[in-house]
Each structure stands twice: as structure tokens, then as C-alpha cells.
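Visitor:
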Amino acid sequence: MSGLKTDADIYLINLENVAWLCGLSDKLVFTNLVIDESSRFKDASTKRFKALKKHLKGFLRRLILTGTPTPQGVADLWSQVGILDLGQRLETSLTRFRDKYLEPDQMNRHTRVVYSWKPKLGADLQIQEKISDICYSLKAEDYLQLPELTKLYHSIEIDKNVRIKYEQLRKDMVAEIGKEKITAPTAAALANKLLQFTSGAVYNEDGEAQEVHRSKLEYLESIMEESSSPTLVFYHFKHSLQRLRLTFPQAVVLDDDNIEAWRRGEIRMLLAHPQSGGIGLNLQCNVGETAQTVWYDLPWSSENYIQANARIYRQGQEKPVIIHHLTVSKSIDEQVVKVLDGKINLQDALLNSLNFALV
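Mapping to our numbering: the sequence shown position 67 is 77, numbers consecutive.
(1) Give me whichever residues DSSP pairs with W305 in a beta bridge.
(2) For the beta strand (DSSP E) holding K37, just list the boundary residues, first then last.
(3) Take N24 and list the residues in its own chain whose beta-carbon comes closer than 7 Å to its own, dropping the five residues that flank it on each side.
(4) S209 by DSSP, collapsed to three states: which one?
(5) On the criterion of 16 or more Cβ atoms from any shown chain inside 10 Å, does L230 qualify as buried, or is it exposed?
(6) With a Cβ-Cβ cutoff of 8 Å, do I137 and L87 count as a contact?
(7) Among A18, W310, T300, S341, whose alpha-carbon lies nearest the alpha-carbon of L156?
(8) Under a three-way DSSP split, which group does K161 fall into?
(9) Starting from D216, follow its DSSP beta bridges and name the residues at the other end.
(10) So, under 8 Å CB-CB, L293 and H335 are touching, yes? Tell me the CB distance rounded to an integer number of Å.
(11) Compare the Cα-Cα distances from D182 to each of A197, K170, L43 and report the closest residue.
(12) Just verifying my parser: in three-state terms, what is the DSSP assignment at K60?
(13) Under the rule that 16 or more other beta-carbon atoms within 10 Å means buried, what is W30, buried or exposed?
(14) Spatial neighbours of T76 within its chain, please: CB distance less than 6 Å, with the 5 preceding and 5 following residues excluded, ordered by chain position.
(15) Excluding the 5 residues preceding and the 5 following H249 in the sequence, name in chain order all residues of the same chain whose CB lies nearer than 6 Å to its CB.
(16) Taking the straight line between their C-alpha atoms, what separation do you get for K63 and L100?
(17) Are at least three pairs of beta-carbons, each pair with one atom in the region 241-248 and one in the region 305-323, less than 8 Å apart?
(18) Is there contact between the region 336-345 and the region 193-207, where contact requires at least three CB pairs shorter than 8 Å?
(19) In this structure, what does DSSP give as the bridge partners for N42?
(20) Would Q327 be called buried (16 or more neighbouring beta carbons within 10 Å of its own) or exposed?
(21) Considering only C-alpha positions, which residue in the set K37, R58, Q82, L70 is nearest to D351?
(22) Looking only at C-alpha atoms, which of L131, G132, K140, S232 sits nearest to G97?
(23) How far does the beta strand (DSSP E) with I187 in it extend, from its first residue to its last?
(24) Using only the alpha-carbon positions, how far apart do H120 and T241 sit?
(25) Going residue by residue through the region 258-295, where are the continuous alpha helix (DSSP H) segments of at least 4 residues, counting only ones entirely within it?
(26) Apply the 10 Å Cβ neighbour rule to G68 and answer buried if 16 or more other Cβ atoms are within range, or exposed otherwise.
Here it is, written out as C-alpha cells:
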């Protein structure tokens, strides 16, 4: 609140406080609006978008910036473009936008509830033409001198007995792990359990992690032995973080106080969650021969994946960058990689990983 009482040309606010700011008054006193990472406003149902929408007409100019405008498809554009033109180009309501440009992709046959939408034939080009006069795209490789980027995909084998447990969980949605019975009541829960499994541990009903294998940890050890370069490791599950810290005592968890130490090369392994370390941070490191990133846990979100990779591979990075992906062979990991590479959509990946044997 004290910052608002200060006379300044530019006021900064984080994403979490947008709804609070918009609720302070019926009319905001700012002339211009600039939104960085506008894809965080892609969901029109969020409190922050609804709160901001009420004030959009009060700004003289509105500008949005993002490196991932359509992380899940063109449907993500409606609210973002609406911030700019108040619905002039892509309709004034999400319902009208969907009626004109989209059709149901995944739907409940009984209730007719639509879970996801896909563009109608030719809709992509129509939308591009509609917004071309207010949108400008720049590719980093066309304007910045970036070093070489290499993506490596490591296929990791698991023990035969572990494989049997994985297949049992995938097919039956239940498996005996140690003395615990692990169950997954829904397809979404099963996909999450399978990802936990490939990472090496599965949560039981009490929220306790049951270790099932150490294959990814052992492979990461070999990567660290082969290179002396500082390595940024992305994890998703809390049990992955715990097991990483036990296996690599020298590892440090990313926070605001150790970013500069990382950039100076004083941290051998930096552990980060893609949602906390994926946006706005400069993690370039030019100390070793290369800068390494390792995806220990693989995310479904292409947006989180792209943004997290860009923490190192960005302006100011001079040494080559290597991005490692740890994937258990013939598992859900391989489907996630296809989503991240844009080869299949999320729905197809889920069906492939849950309904069919990956052989």
C-alpha cells in the first residue's frame, strides 16, 4: 500500500496481487498497462483476469509480452488479445469466440461437458489474420547471438521386477509396493502416479513416499561424473527433491539469495521447481565449458518447460547449453516428451500411456 502513495513514473506489481490492486478502487489512476508473461492471463475464469477486465477501458494504452502466447493452443489467445482490444478482434465473450473458431475436442458423452477445445479447420489462419495488426513476434535466434543448444534424451532401463510393478499399476490402477497398496481411482490420478513411479517413488494414501527404484538417480550421478559443469536440475515431486538432496548432499535449492552464487559457478548442482524457477529469473552460467540443465521429473506443461529452459538459454549466456531429459523407457515419460516436442497433444499422450502397452 505504501508504494502506491509514492510519486513515481512506473509502478510494479506481481501477479498474485493484481486482484487486490484492482479491488482497491472502482477506477485505477494509471495511464498505461504493461503485462509481462501475459500467458498467465490466458484463463478467463481466474480472479486476476476478472478483476483486471473491469479496469481495462481506463488505460490509455495496453501492452502485453510473452514468450509462450499459446501453450495449450489458440484458445489461450482470447483473453490475452481481449486485454489489448477489449474483444474487437476475437469476439467480446469466450462463448462467441468458441462458437466461431473452436469445436469440442474431449467431451463427456453423457453430460456433454467439454473438457478441451480444438480449432476448427482453417481457424488458426483466421485468428492470425485478425490479430496481425496488433501483434509483433520476434525470435531470439534472429536477433540475439545465442550459443549452441543441444537436447539429449536419455532412455533409462528399470529392473524387471520394477517393470512388472509399473505395468500392474498401469493396467489395474493398483499395485503392491513394499507393504503398501497404491491405488489410482481415476485416469488423471493414474497418470500422476505413473509419473511418480518413473521418478522413483510413489505416494501412498497417507502422503508418504514409497521408493520403487533409483534408476534416474543413478543416471544423474553418471551425468555429473562425466561433466564438471554447473548443473541446473528441475524436479516436480517433493519426494524427488528429498531423494535428490539425499543422493547429492552438495546440491542447493534455488532461492533469491543464491542466484548470484550459481552464476559465479560456486554451486555445482542447483535444484529448482519449474513453476518457481521458470519465469523471470536470469540463471545464465558461463563458468564451465557448458551449462547443463537436467529434467529429472518431466512436466506435462509445455509452457513451464519452455519458460524453465529459457532461464539459462537466454541473452547473456555465452557457453553452449545442454538440456538432458531423463526418461524411463517404455513408460509414460516417453509420451510426455512427445507433448513437449509438439508431436502429440496432451489428450493423445494420456490415452497412449494409460490404455496401451508401450512396447
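Positions of the beta carbon are idealized from the N, C-alpha and C atoms, including for glycine.
Guide: With the given structure in hand:
(1) F244, H335
(2) Premise fails: K37 is in no beta strand (DSSP E) and is neither H nor E.
(3) none
(4) helix
(5) buried
(6) yes
(7) T300
(8) strand
(9) None, per the DSSP bridge assignment.
(10) Actually they do not touch by this definition, with Cβ atoms about 18 Å apart.
(11) A197
(12) helix
(13) exposed
(14) E47, S48, S49
(15) A211, A219
(16) 15 Å
(17) yes
(18) yes
(19) R71
(20) buried
(21) Q82
(22) K140
(23) 184-187
(24) 49 Å
(25) 269-273
(26) exposed
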